[in-house]
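Here's the structure we're looking at; comments come further down.
In the working numbering, the protein residues as written are 2 to 242.
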């Protein structure tokens, strides 16, 4: 640890080579099941890389992976850590949205892939938050980050919103630890998105809204129908539309 501190002081926090040894040391802590030390290092490296305006989609995915591993091993994941990574994820999504808009045609496919990867990672983190003990204050902070991203209205190349992705079986799930914890469609993630103000009737590029996707499945998923009815219920009435 002291060596990393000295290295950062000598090279400067803005030096592109500073973050790599920090990330590597964090990975060694994961191998030794010292997750708390890993997260501290990786958060520091993430802040350094974002301060330097570098692409961090892989760094963010690593957090989803290690949080998932911790949950799978019944280790405690701290809600403030999730909230912090969600906040960094929003910054990366904003930057990747701008990259897609301003990049040359030759590089747009790669930029779009990275951008969509960030959307998936955000949903993994939201899913992980539903499996974490949160105080009321922590949950409010997490909800605030979800609200912030919803109001950026990020879309995939197919025009899918976060809500479309949350209810779609075809939403990809990373297969390194993450798939032990996260899966879609996901009722709890959908509920959080709805509670945080997502637009239920928003449509994709083909004019399809999100919630009707659920009727594609062979068996009813009552949680989703309950959510749909709850969020379409008129105020003051005892019935749904």
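Quick reminder that beta carbons are idealized off the backbone N, C-alpha and C, glycines included.
Note that this is a predicted model, so its numbers are computed, not measured.
DSSP-derived helix/strand/coil call for residue i
i	result
residue 168	coil
residue 86	helix
residue 221	At residue 221 the pLDDT is 46, less than 50, meaning the model places this residue with poor confidence; the figure from the coordinates comes in the next sentence. Residue 221: coil per DSSP, three-state reduction.
residue 105	coil
residue 210	strand
residue 204	strand
residue 175	coil
residue 110	helix
residue 21	helix
residue 154	coil
residue 184	coil
residue 160	coil
residue 100	helix
residue 26	helix
residue 31	helix
residue 76	coil
Enclosing alpha helix (DSSP H) for residue i [first to last residue]
i	result
residue 52	36-52
residue 196	188-196
residue 59	58-73
Burial state of residue i, where buried means 16 or more other Cβ atoms lie within 10 Å
i	result
residue 153	exposed
residue 221	Residue placement at residue 221 is flagged as unreliable, the pLDDT there being 46, under the threshold of 50; a coordinate-derived value is accordingly withheld.
residue 141	exposed
residue 233	Reliability of the predicted coordinates at residue 233 is poor, the pLDDT of 48 falling under 50, and no value is obtained from them.
residue 77	exposed
residue 156	buried
residue 19	buried
residue 134	exposed
residue 187	buried
Residue i versus the options, residue with shortest Cα-Cα distance
i	options	result
residue 122	112, 172 and 74	172
residue 22	101, 35 and 47	47
residue 89	155, 99, 119 and 33	119
residue 75	201, 110, 129 and 61	129
* Could I get the ranges of all uninterrupted alpha helix (DSSP H) runs contained in the segment 113-151, with 4 residues as the minimum, in chain order? => 137-151
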